[in-house]
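Everything below concerns the one structure shown next.
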Amino acid sequence: MSGHSSVKTAEGTDLSAAFINGARAALALIHEHGIKLALLKSNSPSCGNEHVYNGRFNGTLTQGVGVTTALIRQNGVQVFNEFQLDEVEQVLNMLENSAQDI
1 MSGHSSVKTA EGTDLSAAFI NGARAALALI HEHGIKLALL KSNSPSCGNE HVYNGRFNGT
61 LTQGVGVTTA LIRQNGVQVF NEFQLDEVEQ VLNMLENSAQ DI
């Protein structure tokens, strides 16, 4: 994965490799189970789908996506957060209706 910012602790320890490995493990499960959408935690450096914390440990959010969200979106998964439950329900209904048409 290229083009992502590093993920570090407040002490400066770089955790990027662990986050990338976690994202790859999630992607493997997505492929194994045919997952089309994911409901992930907002603002997380791994799961955020609209905003992530800016990495300065001051509680400030910046527009962007987490490591896992970026990877699974690149692979066709729609990502929602816990504040988008209405959107998740709409997409699930559309997927169920299209499955019934087959």
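For the sequence shown, our numbering assigns the number 1 to the initial residue and increments by one for each residue that follows. The beta-carbon is built from N, C-alpha and C at its ideal position, and this holds for glycine as well.
Burial state of residue i (16 or more Cβ within 10 Å)
| i | result |
| --- | --- |
| SER46 | buried |
| PHE19 | buried |
| GLY48 | buried |
Residue(s) in a DSSP beta bridge with residue i
| i | result |
| --- | --- |
| ASN54 | DSSP lists no partner for ASN54. |
| VAL79 | ALA38 |
| ASP14 | LYS8 |
Residue from the options with nearest C-alpha to residue i
| i | options | result |
| --- | --- | --- |
| GLN63 | GLN74, GLU50, GLY55 and GLN78 | GLU50 |
| LEU29 | LEU95, ASN97 and LEU71 | LEU71 |
| HIS31 | GLY76, LEU85 and TYR53 | GLY76 |
C-alpha distance - residue i paired with residue j, whole-angstrom precision
| i | j | result |
| --- | --- | --- |
| ASN81 | ASN43 | 9 angstroms |
| LEU37 | ASN58 | 31 angstroms |
| GLU96 | GLU87 | 14 angstroms |
| GLY34 | THR13 | 35 angstroms |
Boundaries of the beta strand (DSSP E) in which residue i is found, first to last residue
| i | result |
| --- | --- |
| THR69 | THR69 -> not in any beta strand (DSSP E); alpha helix (DSSP H) instead, spanning 67-74. |
| GLN63 | 61-63 |
Span of the alpha helix (DSSP H) around residue i
| i | result |
| --- | --- |
| ASN43 | Counting along the chain, ASN43 falls outside any alpha helix (DSSP H), and DSSP gives it neither H nor E. |
| GLN100 | 85-100 |
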